[in-house]
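Colleague:
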Amino acid sequence: MKRMAITMIAGLISVSLSACGSGNSKSEDSSSNDNGGKVTIELAISKSSQDSAFVAQDLLDEFEAKTNIHVNLQLLPAEQTATVLQTKLAVNETPDIIQYNLASATTDLNLERNFEILDNEPWVSRLLNKDVLSASGHVYSFHVSQDTGMQGVVYNKDMFKELGLSIPQNFEEFLAVCEKIKASGITPVFMPFKDNWAANIWPAAAFADYAAKNDPTLFDDLNANRKKWTDIPEFATFLQQQYDVYAKGYTNTDILSDSYDMAVGKFLNKEVAMMFMGDWLIENVAEKDPSIHLGLFAIPSSEGASLGASPLGGQLFIPKKAKHMTEAKQFLDFVASKEVAQKIVDQQGYVSNFNDVTTPKLPDYKQEIVDQYITPQKTVLTTDAYMLVDRSELYRSLQDQFAGGKTPEEVLADWNDKFNQLMKDKGIAGF
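My numbering puts the sequence shown at residues 1 to 431.
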């Protein structure tokens, strides 16, 4: 039945794939070799990521001029990217390179089974931070940046200064900050939990910080069924913390009706002071109004917590069944070269991940993150980086908590049951 389903999906999507591989491509050449001996490699990327630095036309043209290797882009429908790639990998219609997210590749695309280990590639020895490109002890992906996108509490620095507030170092101090902001007539925290993933920012960082400091093998144990999500009482405490911020009246009223796309406006209008979110929100606000000064501090779930680091997005992967393995690796070598990597890092404002590529002058908020968290190594990869299965059911359970339907303990119990089933369905040992 699974084979039949795969065949049916492949048939249904084949027309879409053809369009993505040719009509929506930046090239009309979709053949593997032309009469001049030119090799064409296929790079699959979501349409929502067309602004990726790795597929800029001038970069692809330079690569082709130097190597006689043409890169043909397969632009995949954003809402079907995972399904299309799963089908391609299953029916051996494998692209030579795929741009995806490491954490999602682990959960969606069976990373270890389907993708090439890149440990021995020449550019790996120049990396400053292998962890953001690695899983299960191996480098599986490529990127020129080590800036994964940091998650914590986005806050209005001017409001904090006006009210004489300091960055809270624990949960009690955070509640005190919220109380002072509320007394000034401003909503302390914006919670856009209509988008259920937003409810996971606090626990994803808090869980990971706890594990890093108290039980470094915790996620390995959870993924091997040696421990259950309900075995860690601190997890329930962290879920209760986030709920308490809401229950004490420190948030917007309609948290399950308000969505993330309202966030920029809330900060532009100075209606809110803080939000549990990533530093990408700061960039989005700065683009609209550079006069608003936002910053980021760690989720204050425990004393001196580390800043959450999102799994790095937009990496390049090479499938094991790539038809042009050598040429695909040549493309990574080209982008990793000092000259090309420096150009990309400068243009994109990245924090360089190569020891011979210089990080450019960064926006003030990002430089603060580098100085206060990245350089002193006070960051921790969020829980998402360790998950082997889809987390949607966890997000929905978090929504249920705020709807008044579940206690923190019930959220964890429900997720534990779903997690076990998902791991069993995936064939993970121990489940």
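We put the CB at the ideal spot given by N, CA and C, even for glycine.
Quick caveat: nothing in here was measured; it's all calculated off a predicted structure.
For the beta strand (DSSP E) holding Gln372, just list the boundary residues, first then last.
Modeller: Stepping through the sequence shown from its first residue, residue 372 is reached at position 372. Looking at the DSSP string, Gln372 is not in any beta strand (DSSP E), and its letter there is neither H nor E.
Colleague: Closer than 8 Å by C-beta to Ala341: which residues in its own chain qualify, once you throw out the five before and the five after it? Chain order, please.
Modeller: Taking the sequence shown and counting its residues from 1, one reaches residue 341 at position 341. For Ala341, where only same-chain residues beyond five positions count, the Cβ hits under 8 Å are Val144, Val335, Ser352, Phe354 and Val357.
Colleague: Under the rule that 16 or more other beta-carbon atoms within 10 Å means buried, what is Arg113, buried or exposed?
Modeller: Indexing the sequence shown from 1 puts residue 113 at position 113. Exposed is the call here.
Colleague: Taking three-plus beta-carbon pairs below 8 Å as touching, is the stretch 309–322 in contact with the stretch 159–170?
Modeller: No, the stretch 309–322 does not touch the stretch 159–170.
Colleague: Whose C-beta lies closer than 7 Å to the C-beta of Asp333 among residues of the same chain, with five residues either side of it excluded?
Modeller: Within the sequence shown, residue 333 is the residue found at index 333, counting from 1. Result list for Asp333: Pro122 and Trp123, in chain order.
Colleague: What residue does the alpha helix (DSSP H) around Ser397 start on, and which one ends it?
Modeller: The count along the sequence shown starts at 1 and reaches residue 397 at position 397. Residues Ser392 to Phe402.
Colleague: Identify every run of the beta strand (DSSP E) within the stretch 231–313, keeping only runs that are complete inside it and at least 3 residues long; order them along the chain.
Modeller: 272–278, 294–297 and 307–309, all fully within the stretch 231–313.
Colleague: For Asp158, which of Ala105, Ala224, His293 and Met274 has the nearest alpha-carbon?
Modeller: Indexing the sequence shown from 1 puts residue 158 at position 158. When each option's Cα is compared against that of Asp158, the closest is His293.
Colleague: Determine whether the beta carbon atoms of Phe431 and Asn416 lie at a separation below 9 Å.
Modeller: By 1-based counting over the sequence shown, the position of residue 431 is 431. By 1-based counting over the sequence shown, the position of residue 416 is 416. No, they are not a contact pair.
Colleague: Classify Ala211 as buried or exposed, calling it buried when 16 or more other Cβ atoms lie within 10 Å of its own Cβ.
Modeller: Indexing the sequence shown from 1 puts residue 211 at position 211. Buried, since its Cβ has 16 or more Cβ neighbours within 10 Å.
Colleague: On the CB-based measure, 16 or more other CB atoms within 10 Å of its CB, does Leu381 come out buried or exposed?
Modeller: Position 381 of the sequence shown holds residue 381. Buried.
Colleague: Can you find the residues in the same chain that come closer than 7 Å, C-beta to C-beta, to Lys321, ignoring five residues on each side of it along the sequence?
Modeller: Taking the sequence shown and counting its residues from 1, one reaches residue 321 at position 321. Asn92 and Thr94, listed in sequence order.
Colleague: Three-state secondary structure (DSSP) at Ser125?
Modeller: Residue mapping note: residue 125 aligns to position 125 of the sequence shown, counting from 1. In the structure shown, Ser125 sits in a helix (DSSP, three-state: H, G or I).
Colleague: Given Leu388, which residues of its chain have a CB within under 8 Å of its CB, disregarding the five upstream and five downstream residues?
Modeller: Taking the first residue of the sequence shown as 1, we reach residue 388 at position 388. Same-chain partners within the cutoff: Thr106, Thr107, Asn223, Met423, Lys426 and Ile428.
Colleague: Roughly how many whole angstroms lie between the Cα atoms of Ile369 and Thr253?
Modeller: The sequence position of residue 369 within the sequence shown is 369, counting from 1. The sequence position of residue 253 within the sequence shown is 253, counting from 1. C-alpha separation (whole angstroms): 31 Å.
Colleague: Opposite Gly152 in the DSSP bridges: which residues?
Modeller: Along the sequence shown, one-based indexing puts residue 152 at 152. Paired residue(s): Met277.
Colleague: According to the Cβ coordinates, are Glu271 and Ile201 closer than 9 Å?
Modeller: Locating residue 271 in the sequence shown gives position 271, where the first residue counts as 1. Locating residue 201 in the sequence shown gives position 201, where the first residue counts as 1. No, the Cβ-Cβ distance between Glu271 and Ile201 is not below 9 Å.
Colleague: Thinking C-alpha only, which one of Gln330, Tyr250 and Leu75 is nearest Asn68?
Modeller: Counting from 1 along the sequence shown, the entry for residue 68 is found at position 68. When each option's Cα is compared against that of Asn68, the closest is Gln330.
Colleague: Quick test of your reading: Leu281 and Met274, contact by CB under 8 Å. State the CB separation rounded to the nearest angstrom.
Modeller: Numbered from its first residue, the sequence shown carries residue 281 at position 281. Numbered from its first residue, the sequence shown carries residue 274 at position 274. About 11 Å; that fails the 8 Å criterion.
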